[in-house]
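Numbering-wise, the sequence shown is residues 16 to 178 according to the numbering used here. Think of the CB as a built atom: it goes at the ideal place given N, C-alpha and C, for glycine as much as any other residue. Predicted model only: the values in this text are computed from it and were never measured. Report on the following structure.
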Amino acid sequence: MKHYCFFIFLCLFSLQSVAQGGEAHIKVYGEVAKPLTLYGRDLLKMNRTTADLKDHDGSTHTYAGVAVKEILEMAGATMGDALRGKNLAKYILVKCADGYRVVFALAELDSGFTDRTILLADRVEGKPLPDNRGPFRLVVPGEKRPARSAYQVTELVVGFIAE
Ligand SMILES: Nc1nc2c(c(=O)[nH]1)N[C@H]1C(S)=C(S)[C@@H](COP(=O)(O)O)O[C@H]1N2
Ligand SMILES: [Mo]
16 MKHYCFFIFL CLFSLQSVAQ GGEAHIKVYG EVAKPLTLYG RDLLKMNRTT
66 ADLKDHDGST HTYAGVAVKE ILEMAGATMG DALRGKNLAK YILVKCADGY
116 RVVFALAELD SGFTDRTILL ADRVEGKPLP DNRGPFRLVV PGEKRPARSA
166 YQVTELVVGF IAE
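Structural data, given as structure tokens:
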């Protein structure tokens with residue numbers, strides 16, 4: 016009987032792991048105090064905001080999601096008062112499902128340095144992002160080209176250039 020219960024428990028446990036593994040999420044790690052895994056539902060509970068992005072053909076779309084700054088603060092990256100001295104050589108590497116990668120200096124995301132909000136978006140015009148752009152997309156307003164608005168984001172890695 017004991018073995019039987021244990022078997023059932025193992026089955027449920029692995030089923031849950033499979034379900035979680037299959038559910039879209041982003042990982043935040045590297046030079047942070049608390050590495051995070053964020054699922055879509057976690058983003059919905061955070062402080063949400065919007066940003067506009069003009070695409071290649073010139074049409075503007077409103078995206079909604081969470082400021083990357085909020086995510087970095089939650090992960091315990093050196094933001095705000097801690098973003099000085101050596102920490103100004105820190106960067107964030109954004110990795111995507113198709114292998115695309117873009118980099119920002121941490122200071123580009125800090126409200127002590129800029130008023131621009133770079134968003135990790137999960138909605139466009141109120142709807143989930145299309146499969147080939149989502150479920151999570153970076154929205155980088157105020158740039159001449161949308162090239163750093165990386166789509167299908169899977170990881171945010173904080174790095175430090177030591178030398
Ligand atoms: N993951 C990923 N994101 C990406 C790219 C890419 O190839 N892969 N291309 C970038 C470039 S160069 C542009 S111009 C925009 C195009 O986005 P859109 O097709 O949604 O307008 O996405 C950016 N984000
Ligand atoms: Mo592009």
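N- and C-terminal bounds of the beta strand (DSSP E) containing residue i
i: Lys69; result: Arg63 to Lys69
i: Gly80; result: Thr75 to Ala82
i: Phe119; result: Arg116 to Ala120
i: Asp125; result: Asp125 -> no beta strand (DSSP E), and no H or E assigned at all.
i: Leu144; result: Where Leu144 is concerned, there is no enclosing beta strand (DSSP E), given that its DSSP letter is neither H nor E.
Range of the contiguous alpha helix (DSSP H) that encloses residue i
i: Lys110; result: No alpha helix (DSSP H) holds Lys110; the beta strand (DSSP E) holding it covers Lys105 to Cys111.
i: Arg152; result: First-last for Arg152: Arg152 to Val154, but that is the beta strand (DSSP E), not the alpha helix (DSSP H).
DSSP three-state assignment for residue i, whether helix, strand or coil
i: Glu85; result: helix
i: Glu170; result: strand
i: Lys60; result: helix
i: Asp96; result: helix
i: Ala136; result: strand
i: Cys26; result: Because Cys26 carries a pLDDT of 48, less than 50, the predicted location of this residue cannot be relied on, and the following value inherits that uncertainty. The answer is helix: DSSP assigns Cys26 an H, G or I state.
Cβ-heavy atom distance, residue i to ligand 2, below 8 Å
i: His71; result: yes
i: Asp160; result: According to the sequence as given, residue 160 is Arg; it is not Asp. It does: the Cβ of Arg160 is within 8 Å (strictly closer) of some heavy atom of ligand 2.
Residues sharing a beta bridge with residue i, DSSP
i: Tyr183; result: Nothing in the structure corresponds to residue 183, since the chain is present only between 16 and 178.
Distance CB(residue i)-CB(residue j) smaller than 9 Å
i: Gly149; j: Pro156; result: no
i: Tyr78; j: Val154; result: yes
i: Ile41; j: Val139; result: no
i: Thr132; j: Lys84; result: yes
i: Gly127; j: Gly95; result: yes
i: Leu103; j: Ala92; result: no
i: Leu135; j: Ala48; result: no
i: Ser164; j: Glu170; result: no
i: Ile176; j: Tyr115; result: no
Near ligand 1: residue i beta-carbon under 8 Å from a heavy atom
i: Asp137; result: no
i: Asp67; result: no
i: Ala79; result: no
i: Asp113; result: yes
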